[in-house]
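Sequential numbering of the sequence shown, starting at 194, is according to the working numbering. From the three backbone atoms N, C-alpha and C, an ideal C-beta is built for every residue, glycine too.
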Amino acid sequence: MRSAGGSSRSSHAGQGVRLSLAGKVCLITGSGSGLGLCLAEMLAQRGAAVILNDHSHSADALREAADRLNALGHRCFAAVGDVSDPAQVDAFAQEALRILGKIDILVNNAGINIDSLIERAQFADWTAVLGVHLNGTFNCTRAVFGSMKERRFGRIINISSVVGLTGIPGTAYYATAKAGVLGFTRAIAAEGAQHNITANAVALGYVDVGMGTRFSRAKREQILQKIPLRRFAQPEEIAGVVAFLASDEAAYITGSVINVSGGFHM
């Protein structure tokens, strides 16, 4: 409908303000607590059915989180499994597809962190960090890509870090894993485009949840001096970006890295 002033803007231009995800099914890894749970809560609030995932050590907390979301009227399921193990990923992804019929949105959020200077680094720690961040992202994407391709729709959102874009001493494991996630995101974006599957990454700075709450006061103040906005992100601010990338409003965005770091990396 054309306005009286001659504008060709359609009559539904303002209807996407809430970035509705009604009718969509979303799998969020590492979502039993912390940032992942915040992501799940926001996507559920936008109307998506959500599949929470975490490893067996967090199974009780995962199920409690799912129960809380269901009690609020959302549709939520718990999928226990270690993302670094391809057999476990295939099992919970197939179970989710059997119950819900589809997975429209995948948020690869699961992560761990072990800091070490290279001379003290342990190969077991290296493989553990890459196993969750990089192998986990690979395993989960591979598990759902085929069903997305068949339905000609998919949103893959990978949680990365500005540490993968810059160098910080002691972060060799984590930086390598997160840089790998960025390369993987671009490759999947190129592969998925012809099937209407988008893939994007969110490069986080410091977030006031989970690992971001474990710094001493002195260390936190030191970090804040390097952030132009002089604060850590709130988890809801990250969730808002993820909700946008999952929505129809972001249908033309793929292969992008969204930097959400308060200016820590420009």
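Unbroken beta strand (DSSP E) run spanning Ser354, endpoints:
Here residue 354 is taken as the residue at index 161 of the sequence shown, counted from 1. Counting along the chain, the beta strand (DSSP E) containing Ser354 begins and ends at Gly347 to Ser354.
Does Ser454 come out as helix, strand or coil in the three-state DSSP assignment?
Along the sequence shown, read from residue 1 onward, the residue named residue 454 stands at position 261. Note: Ser454 maps to coil in three-state DSSP.
Where do the N-terminal and C-terminal ends of the beta strand (DSSP E) with Ile298 fall, by residue?
Against the sequence shown, residue 298 aligns to sequence position 105. From DSSP, the beta strand (DSSP E) with Ile298 extends over Ile298 to Asn301.
Rounded to whole angstroms, what's the CA-CA distance from Pro362 to Ile349? Just pull it up for me.
Here residue 362 refers to the residue found at position 169 when the sequence shown is read from its first residue. Here residue 349 refers to the residue found at position 156 when the sequence shown is read from its first residue. Near 30 Å, if we compare the C-alpha coordinates of Ile349 and Pro362.
Could you tell me which of Lys342, Cys333 and Gln418 sits nearest to Gln281, measuring between CA atoms?
Residue 281 sits at position 88 when you count from the first residue of the sequence shown. Out of Lys342, Cys333 and Gln418, Cys333 has the C-alpha closest to the C-alpha of Gln281.
Going by beta carbon distance, what residues of the same chain come within less than 8 Å of Val400, once the five residues before and after it are set aside?
Counted from its first residue, the sequence shown places residue 400 at position 207. Same-chain partners within the cutoff: Leu228, Phe425, Ala426, Gln427, Pro428 and Ile431.
What did DSSP end up calling Ile422 once you bin it into helix, strand or coil?
Residue mapping note: residue 422 aligns to position 229 of the sequence shown, counting from 1. The sequence as given places Leu at residue 422; Ile does not occur at that position. DSSP places Leu422 in coil when its eight states are reduced to three.
So what's Ala215 in DSSP terms, helix, strand or just coil?
Walking along the sequence shown from the start, residue 215 turns up at place 22. Looking at Ala215 - three-state DSSP - the assignment turns out to be coil, as it is neither helix nor strand.
Val402 by DSSP, collapsed to three states: which one?
If you number the sequence shown from 1, residue 402 lands on position 209. DSSP places Val402 in coil when its eight states are reduced to three.
What does the alpha-carbon distance come out to for the pair Gly199 and Ala444?
Within the sequence shown, numbered from 1, the residue matching residue 199 stands at position 6. Within the sequence shown, numbered from 1, the residue matching residue 444 stands at position 251. With a pLDDT of 41 at Gly199, under the threshold of 50, the modelled position of that residue is not reliable, and the figure given next carries that caveat. Roughly 27 Å separates the two Cα atoms.
As a quick exercise: from Trp319, Gly240, Phe331 and Glu414, pick the residue whose alpha carbon is nearest that of Asp278.
Within the sequence shown, numbered from 1, the residue matching residue 278 stands at position 85. Nearest option by C-alpha distance: Phe331.
If you draw a straight line from the C-alpha of Gly456 to the C-alpha of Leu422, how long is it?
As a first step, residue 456 must be located in the sequence shown, where it is residue number 263. As a first step, residue 422 must be located in the sequence shown, where it is residue number 229. Cα to Cα, Gly456 sits roughly 7 Å from Leu422.
Taking the runs of the beta strand (DSSP E) that are 3 residues or longer, which of them lie wholly in the stretch 293-346?
298-301
What are the residues that DSSP puts in a beta bridge with Ile221?
Counting from one through the sequence shown, the residue named residue 221 turns up at place 28. Ile221 is bridged to Leu245 and Val300.
Which residues DSSP lists as bridging Val395, in chain order:
Residue numbering aside, residue 395 sits at position 202 when the sequence shown is read from its first letter. Ile352 and Ile451, per the DSSP bridge assignment.
Status (buried if at least 16 other CB within 10 Å, exposed otherwise) for Ser440:
To locate residue 440, count along the sequence shown from 1; it is residue 247. Per the 10 Å Cβ criterion, buried.
Do you know how far the Cα of Leu323 is from the Cα of Ala370?
Along the sequence shown, read from residue 1 onward, the residue named residue 370 stands at position 177. Along the sequence shown, read from residue 1 onward, the residue named residue 323 stands at position 130. Taking the straight line from one Cα to the other gives about 5 Å.
Residue from Gly240, Ala321 and Gly347 with nearest C-alpha to Ile305:
Here residue 305 refers to the residue found at position 112 of the sequence shown. Closest by alpha carbon: Ala321.
Report yes if the C-beta distance between Leu232 and Val300 is below 8 Å; otherwise report no.
On the sequence shown, position 39 is the one that residue 232 refers to. On the sequence shown, position 107 is the one that residue 300 refers to. Going by C-beta atoms, Leu232 is nearer than 8 Å to Val300.
Quick check: Ala289 and Ile296, are their CB atoms within less than 8 Å of each other?
Looking up residue 289 in the sequence shown gives position 96. Looking up residue 296 in the sequence shown gives position 103. Cβ atoms of Ala289 and Ile296: closer than 8 Å.
So who's on the other strand from Ala271, going by DSSP bridges?
Working through the sequence shown from its first residue, we reach residue 271 at position 78. Ala271 pairs with Leu245.
Write down the C-beta distance between Val355 and Val395 rounded to the nearest angstrom, noting that I regard them as a contact closer than 8 Å.
Counting from 1 along the sequence shown, the entry for residue 355 is found at position 162. Counting from 1 along the sequence shown, the entry for residue 395 is found at position 202. 10 Å between Cβ atoms; not a contact.
For the alpha helix (DSSP H) that Asp460 lies in, which residues bound it at each end?
Nothing in the structure corresponds to residue 460, since the chain is present only between 194 and 459.
From this set, Thr222, Leu230, Ser226 and Ala241, which residue's C-alpha is nearest Gly216's C-alpha?
Position 23 of the sequence shown, counting from 1, holds the residue named residue 216. Per the Cα distances, Ala241.
Find out if the Cβ-Cβ distance for the pair Ile298, Phe270 is shorter than 8 Å.
Here residue 298 corresponds to residue number 105 of the sequence shown, with the count starting at 1. Here residue 270 corresponds to residue number 77 of the sequence shown, with the count starting at 1. Cβ atoms of Ile298 and Phe270: not closer than 8 Å.
Quick one: give me the first and last residue of the alpha helix (DSSP H) that Thr369 is part of.
Walking along the sequence shown from the start, residue 369 turns up at place 176. Looking at the DSSP string, the run of the alpha helix (DSSP H) that includes Thr369 is Ala365 to Gly385.
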